[in-house]
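Chains as they are written, first to last, in our numbering: chain W, 163 to 280; chain V, 493 to 604. Just so you know, even glycine gets a beta-carbon here, dropped at the ideal spot from N, CA and C. If you're wondering where the values come from, they're calculated on a predicted model, not measured in any experiment. Report on the structure given below.
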């Protein structure tokens with residue numbers, strides 16, 4: 163079974179509209195972290211936002227917010243007021259278990275290709 | 493510049509050959525991770541080292557190996573290369589907090 167599922171292979175959105183990118187995850191570990199990364203056409207992986215499993219509030223970073231619904235195992239990324247520069251691949255990822263020198267590699271979803279149209 | 497340095501940026505080699513990819517982690521980070529990104533498999537975790545010791549193995553082939561040196565830089569060795577090994581190989585580093593993962597710009601490997 164996939165641990166990270168991103169159901170939207172591609173999305174077209176008008177500039178200045180808000181965008182929600184879906185991500186569901188599967189883990190039995192009570193301690194985990196959820197991440198969103200942006201990969202523009204140049205190829206680098208850019209960290210956007212992080213949500214810990216014990217965090218009480220949804221994470222926000224500028225125009226990015228994470229809609230964390232723990233019971234539904236959902237961690238959707240919301241981009242407000244989209245811009246042309248937001249066009250890129252977006253990946254949801256999960257770290258299972260506690261860190262601190264332990265095994266904590268990330269498991270990635272297959273990504274969503276977001277295209278912002280003027 | 494993310495602080496994680498990967499060399500070379502591009503590599504073209506023939507089937508059956510062996511290559512070494514190099515990664516210098518961000519200053520102070522003890523963990524190094526290797527990932528492979530291909531069209532077929534997406535982004536896959538290969539292996540993790542923490543302060544010189546192997547911590548976790550993901551979907552790493554037996555033809556691939558890695559190590560982390562005392563100065564914390566890491567090398568990923570790929571041998572008996574096949575066409576299907578063509579991919580973008582990322583190195584990431586982390587201080588071990590489980591929160592801050594910084595990716596390098598990747599090495600694009602093309603096997604012909």
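Cβ of residue i within 8 angstroms of any chain V Cβ
i	result
residue 237/W	no
residue 247/W	no
residue 266/W	yes
residue 256/W	no
residue 207/W	yes
8 angstroms Cβ cutoff, residue i in contact with chain W
i	result
residue 514/V	no
residue 504/V	no
Distance, residue j Cα to residue i Cα
i	j	result
residue 522/V	residue 195/W	19 angstroms
residue 529/V	residue 553/V	14 angstroms
residue 254/W	residue 221/W	14 angstroms
residue 239/W	residue 596/V	23 angstroms
residue 548/V	residue 589/V	16 angstroms
residue 278/W	residue 228/W	20 angstroms
Segment limits, beta strand (DSSP E) that includes residue i
i	result
residue 591/V	Run containing residue 591/V: none; DSSP gives neither H nor E here.
residue 256/W	250-258
residue 173/W	172-176
residue 602/V	599-603
residue 277/W	274-279
residue 496/V	Residue 496/V -> no beta strand (DSSP E), and no H or E assigned at all.
Status (buried if at least 16 other CB within 10 Å, exposed otherwise) for residue i
i	result
residue 581/V	buried
residue 577/V	buried
residue 541/V	buried
residue 556/V	buried
residue 531/V	exposed
residue 501/V	exposed
residue 191/W	exposed
residue 248/W	buried
Proximal chain V residues relative to residue i, where beta-carbon distance stays under 7 angstroms
i	result
residue 269/W	537
Chain V residues whose Cβ lies nearer than 8 angstroms to that of residue i
i	result
residue 230/W	In chain order: nothing, as chain V lies at least about 15 angstroms away.
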